[in-house]
Structure formats: structure tokens, C-alpha cells
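Peer 1: Count the sequence shown with my numbering and you get residues 7 to 518, in order. Before I ask anything, here is the structure I am working with.
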Amino acid sequence: IEGLAQSYGKLWHSSSQTPWYNYNNNGWNQGWYDDSLSLSLKYDFALFNNLKGVGIWALGYDDGRPELWDLLYNKFGESAPPIKPSNLFMKNIGQGSIKIDFESSDNSSEFIVLRGFLEVVGGLDTIGVYSEKPIIIDNLNEGESYFLSVVAKNSLGNSEPTEMLGIVPSNNDVNVLIVNGFDRVSGTNNTFDFIRQHGSAFNNHGQAFDAASNEAVVSQQIDILDYQFVDWMLGEEGTSTSVFSYSEQNLITTYLESGRFLFISGSEIGYDLEDQGSTTDRDFYQNYLKADYISDAAGGHEGVYSGYGNGGSIFEGINTINYDDGSHGTYNVDWPDGIKPLGGASFCAAFSGIDQNSSGGMGIQYIGPFGLSNLTGGLVYLSVGFETIYPEEKRNEIMSKIITSYESQLKIEDSNSIQPKTVNIKNIYPNPSNSSITISFSVLASNTTVDLSIKNILGQEVYKTSIKPASINGKWTWNGIQQNGFIAPSGNYFISISQSNEISTRKITLLK
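Listed below in C-alpha cells is the structure:
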């Protein structure tokens, strides 16, 4: 428009303080617009009168216009709190240390890291305040779940917190990545903290994990090919926000063809990709997610909120799978897709009272090659968000079945043949715990006595025992009972394992 004004003769309307132009083309025409001067005057008016802000319509048409965006930042960027950080991811770097990285606005001066817990909805503790990114946090407890979000701040205030992600610090290689792809806010109750349900279930099985937003994955700030197991959370992500963009589809295609394992859960995946999607979307859904979309709700109607594991599947023996109707702390799964397996996949979960052959089931499983690859990969796909399944013990049971399938069928495990050079407590789970705690460990020799001791923070021994593990890699569970037969009170304890003058000690926490 500025070019047309210069061509026809740029004019200035003094009362509205706006540029304009006119021309004759079989009649008189006028053009009115904003340039850097008129915009500056409007912004100055807002600043002079201490207005709360400036509303601008249709900014999408002006992407990249420096007279608009640069001027907005110059006028208001230094006089406003920072915007919410994006592209968040968290990664283990060893020795109890983690790295948190993200994109942030230039007017951010510090970053607050907040910690949440599975048992406390909305309760956040401050881990620390940091002046630089990436944020490195040291001396975290290995084997303990940390559910974290980031707030940017400056002298004028704080941003909104990011979505909550999580991590379990580990000295070992981390094979599991949890990706949050649930961004939808309209028509659902998205609290952006469902990592708590997913991560706690992994940690209950002794699995350390890293985590990332789907935006960080797409921008390749974190590489999913660095992980053997990806849990992609989709919740009620649907057509309005796109379940899987083309970029995400390409990344997952490569991932599965590379012989990796994918667990996805979400109630609108089939509806978005097959019912409402393009040819490319449907091809991806049928050939890589191994599914056929049958109905937009279990049996084609609302009101079904339970299911069960199919006989002969990885979930055989799980007789009840209840998911949230909106009264169990997550969101109402009112329209879960009915799906059927394709391309060698099979049912693993069904809806209660629904014929899965005609109306579709709740879950499918697959082990085998994907695309043109000859490498064996794996998939478990649930058409209800895993986070909505309750109670916690049921989620733990289901996740245990999925991880066992991943470990046994794909045989992606640490080699047991490597001889340890020292005694080592590798993982503790769950930690904190309100009941029993299990440790996984490695020792110098099998069938040789190993001493275990638990002391309180005063150094008083509350429990001790000796075992002879059949393997150099083993597990041991403490039921929270002291040597005197009483239940150990809440608090911090130190668990030690020793053999042949070698000792390893870790902190554990009981919450009663």
C-alpha cells in the first residue's frame, strides 16, 4: 500500500493522523492505511495515557512487516513482562544433572523453574531462579521423578508458566522420551500437566525418561532417534490443532522405520487423520499407526467410560480399564475413537459392551517392520488418553505391560553380560513413595552375599538384611517396615548396598 500511495501521491489526514491516497480509475477511489508514523502516534497515545495496551485486528496479514512488529517491540517490549517460553525440552546429562532448554523473548532477564507432583494438583514448588539458558540443574536424586515448568520474568512481571514436562535423572543411557503433543484448549480441559500421569507410570517401572514439547521435536532441538521408546501424548488433540502435522508424520515415519517403539494415546487421532484428514493423513494413519477409524465414539454414542484388555494381547488379564468422565481429575473423554487394526496389527483393548469388530475397539498393538524397512519396530495405540485412565495402579499395570512388550519383543535392553567394576544402585522406584520402594542394582558377583541397610537422617539403622542375588543385576523391594516391625514414618532415608568393601548409597523419601 505504501508503494501505491507514493505513486498516486501520499496524503495526510490531520484529524485522524492517518496516511491516505486517492486516484481516478473510471471513478474516484481512496486508500487508507497505517505507516510507521501513524502507528508510532497511536502507540505514543497509549503510553502517554497509560493505557493497558493496544488492540490490533488481523495481524496475520502483516507477518514480517518491520514498521509494525519492530515498532511494537521498540515501544512496548521493554515495558511489558516477557511472553511464555516455548519449544521446551528436558534432557539427562548424567551424574544427577539435567538440561532444560527452550525459546524465550529477548526481554526475559531470569527464569523460574517450578516443580509439580502427581499427588498435588496445582501445587508448585520453586526449584530455583536462573539467569541463563540452557538451565543446568545439578545434584538431583537419581530415580526420582521431577515434573517441571518454566516461567520467564523481568522487572515488570512474570510470563505464564510453560506446559509441564518431566524427567527422571539417571547415570545410565536414557531410552525413553515423552512428547507432549496435546495443545488444544477449546472444547476440553487441558491443564498442560498430564506428564505427571505418564511419567509416574514409567518411573514406577524403574524407567528413566527425558521429555519434550512436540514443537521442540519438530524444530529438531531434540532428536527422537536418540531414543528407543517414545510416548507421544495427544489427549484430545483434534482437527482444530492437528493431531500430527506433516512434519511430525515424517519424523514418526522415519522413527518407526528405524526399528523403534512408539506408544501413542488420544481420543481424536483417527477422527482427525482419517475422517477429516487428507490422503497423506489417511495413508500415515493406516500404514504407520496401523489403524482404521470406525466411529467417533465407542459404539457411535457418548456414555461409555470403561473397557478391558483383549485375550491373547499384551493386556490379557486386565479385566477393567476405566477412563475419566470429567470427575476424576483430567477431562471428559466423551468421544473416544472406535478403531480397528490394519496391516498385521491386532486388538489389545476393547470398549465395554461394544462389538469391536463392527464399531471398533480401544487399542491396537503391532510388532514388525514399517513401510519399506526390514527392521522390526513396535506400536501400541490407545484411543483414550493414557492420563485419563484411573486409578494410578491401573495406569501402572498398563504401562508395565507396554514396557514388557517393548523389552521382550524388541529386545532393546542393556546387556547383562557386562561385568560391573563396582556396586551400584541404578534406579529407585517409585521415589518418593507412600508404600514400598524397589531398587535395581548391579554388584560385583552373583551368588555372593550382598548387605542392604536403611538409615534415617540421624544415621540410625532402621532396617538391614542380606541377600544372594542370582545375577549381577538384581532388584530388591523394601515394604516400608522397620526392623522392629513398625511402619517407617514419613521422611528421608538413605539406602545402602555393599559387597566386598564396595558400597553404593542413595536417598529415598517416604510420604505417608
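Even glycine gets a Cβ: it sits at the ideal position worked out from N, Cα and C.
Distance, Cα to Cα, Tyr67 vs Leu388?
Peer 2: The predicted model places Tyr67 with a pLDDT of 49, which falls under 50 and marks its position as unreliable; any figure quoted below should be read in that light. In a straight line, the C-alpha of Tyr67 is about 39 Å away from that of Leu388.
Peer 1: In this structure, does DSSP put Arg512 in helix, strand or coil?
Peer 2: Reduced to three states, the DSSP call for Arg512 is strand.
Peer 1: Less than 6 Å between C-beta atoms, sequence neighbours within five positions excluded: which residues of the same chain meet that for Pro438?
Peer 2: If we look at Pro438 and ignore the five residues flanking it on each side, its Cβ neighbours are Thr515 and Leu517.
Peer 1: Using a Cβ-Cβ cut-off of 8 Å (strictly less than) and excluding sequence neighbours within five positions of Ile418, which residues of its own chain qualify?
Peer 2: With a pLDDT of 46 at Ile418, under the threshold of 50, the predicted position of this residue should be treated as unreliable, though the coordinate-derived value follows. Counting only Cβ-Cβ distances below 8 Å, and skipping sequence neighbours, we find Asn181, Gln234, Phe235, Phe267 and Tyr412.
Peer 1: If I measure Cβ to Cβ from Gly305 and keep anything under 6 Å in the same chain, skipping five residues before and after, which residues do I get?
Peer 2: Contacts found: Ile360 and Ser365.
Peer 1: What does a CB cutoff of less than 6 Å around Asn402 pick up in its chain, not counting 5 residues either side in sequence?
Peer 2: Same-chain partners within the cutoff: Ala207 and Asn210.
Peer 1: Cβ atoms of Met96 and Asp216: under 8 Å apart, would you say?
Peer 2: Against a cut-off of 8 Å, the Cβ pair of Met96 and Asp216 comes out as a contact.
Peer 1: By Cβ distance below 8 Å, which residues in the same chain neighbour Lys470 in space, the five residues on each side in sequence not counted?
Peer 2: Here the set comprises Asp457, Leu458, Ser459, Ile460 and Gln489.
Peer 1: Spell out the partners DSSP gives Arg190 in its beta bridges.
Peer 2: DSSP lists no partner for Arg190.
Peer 1: Could you name the residues of the same chain whose beta carbon sits closer than 6 Å to that of Ser504, not counting the 5 residues immediately before and after it, in chain order?
Peer 2: Contacts found: Asp457.
Peer 1: For Lys481 and Glu322, I'd like the C-alpha separation in whole angstroms.
Peer 2: Rounded to the nearest angstrom, the two C-alpha atoms are 25 Å apart.
Peer 1: Nearest-angstrom Cα distance between Ile89 and Thr168?
Peer 2: Whole-angstrom Cα-Cα distance: 10 Å.
Peer 1: Is the beta carbon of Ile106 sitting closer than 8 Å to the one on Leu146?
Peer 2: Not in contact: Ile106 and Leu146 (Cβ atoms no closer than 8 Å).
Peer 1: Can you list, in chain order, the stretches of the alpha helix (DSSP H) that have 4 or more residues and sit fully within the stretch 258 to 323?
Peer 2: Taking only runs of at least 4 residues, the alpha helix (DSSP H) segments lying wholly in the stretch 258 to 323 are 285 to 293.
Peer 1: For the beta strand (DSSP E) that Ile201 lies in, which residues bound it at each end?
Peer 2: Careful: Ile201 lies outside any beta strand (DSSP E), inside the alpha helix (DSSP H) at Ile201 to Asn210.
Peer 1: What are the boundary residues of the beta strand (DSSP E) that Tyr49 is part of?
Peer 2: From DSSP, Tyr49 is part of no beta strand (DSSP E) but of the alpha helix (DSSP H) over Ser42 to Phe54.
Peer 1: Applying the 10 Å Cβ sphere with the 16-neighbour rule, what's the burial state of His204?
Peer 2: By the 10 Å Cβ count, His204 comes out buried.
Peer 1: Considering only residues of the same chain and omitting the five flanking positions on each side of Gln101, which have a CB-CB separation below 7 Å?
Peer 2: Once the five neighbours on either side are set aside, the close Cβ partners of Gln101 are Asn177.
Peer 1: Measuring alpha carbon to alpha carbon, tell me which of Thr382, Glu8 and Ser452 ends up nearest Thr24.
Peer 2: With distances taken between Cα atoms, Thr24 lies closest to Glu8.
Peer 1: If you pair each beta-carbon of the stretch 337 to 351 with each one of the stretch 371 to 387, do three or more pairs fall below 8 Å?
Peer 2: Touching, yes.
Peer 1: So does the stretch 286 to 299 actually touch the stretch 311 to 328, counting three or more Cβ pairs closer than 8 Å?
Peer 2: Contact between the stretch 286 to 299 and the stretch 311 to 328 is absent, because fewer than three Cβ pairs lie under 8 Å.
Peer 1: Give the list of continuous beta strand (DSSP E) stretches no shorter than 3 residues that lie fully inside the stretch 435 to 490.
Peer 2: Listed in chain order, the complete beta strand (DSSP E) runs (minimum 3 residues) inside the stretch 435 to 490 are 443 to 448, 456 to 462, 467 to 473 and 479 to 484.
Peer 1: Tell whether a beta-carbon distance below 8 Å holds between Ser110 and Ile143.
Peer 2: Taking 8 Å as the Cβ cut-off, Ser110 and Ile143 do not qualify as a contacting pair.
Peer 1: DSSP state of Phe95, grouped into three classes?
Peer 2: Here Phe95 sits in strand by DSSP.
Peer 1: Output yes or no for whether 8 Å exceeds the beta carbon distance between Phe29 and Lys16.
Peer 2: Just to set this straight, residue 29 is Tyr in the shown sequence, not Phe. Cβ atoms of Tyr29 and Lys16: not closer than 8 Å.
Peer 1: Which value, in whole angstroms, describes the spacing of the CA atoms of Glu150 and Val386?
Peer 2: Straight-line Cα distance between these residues: approximately 26 Å.
Peer 1: Express the C-alpha separation of Ile275 and Asp40 in angstroms, rounding to a whole number.
Peer 2: Roughly 43 Å separates the two Cα atoms.
Peer 1: Give me the residue from Lys81, Asn31 and Asn325 with the minimum Cα distance to Leu47.
Peer 2: Residue Lys81 is the option with its Cα nearest to Leu47.
Peer 1: Can you have a look at Ala214 and say buried or exposed, based on whether 16 or more other CB atoms are within 10 angstroms of its CB?
Peer 2: By the 10 Å Cβ count, Ala214 comes out buried.
Peer 1: Pick helix, strand or coil for Asn195, following the three-state DSSP scheme.
Peer 2: Residue state, collapsed to three classes: coil.
Peer 1: With DSSP as the reference, label Met368 as helix, strand or coil.
Peer 2: Three-state DSSP puts Met368 in coil, outside helix and strand.
Peer 1: Assuming Glu240 contacts Val249 under a Cβ cut-off of 8 Å, what Cβ separation, rounded to an integer in Å, is found between them?
Peer 2: Before going further, note that residue 240 is Leu rather than Glu in the sequence given. Contact holds; Cβ gap of about 6 Å.
Peer 1: Taking DSSP as the reference, what is the three-state secondary structure of Cys354?
Peer 2: In this structure, Cys354 counts as strand in the three-state DSSP scheme.
Peer 1: Helix, strand or coil: which one does DSSP assign to Val109?
Peer 2: The sequence given here places Glu at residue 109; Val does not occur at that position. Reduced to three states, the DSSP call for Glu109 is strand.
Peer 1: Under a Cβ-count criterion, where at least 16 other Cβ atoms within 10 Å of its own Cβ denotes burial, should Asn498 be classed as buried or exposed?
Peer 2: Counting Cβ neighbours within 10 Å, Asn498 comes out exposed, since fewer than 16 surround it.
Peer 1: Could you tell me which residues DSSP puts in a beta bridge with Asp229?
Peer 2: According to DSSP, which records beta bridges pairwise, Asp229 is partnered with nothing at all.
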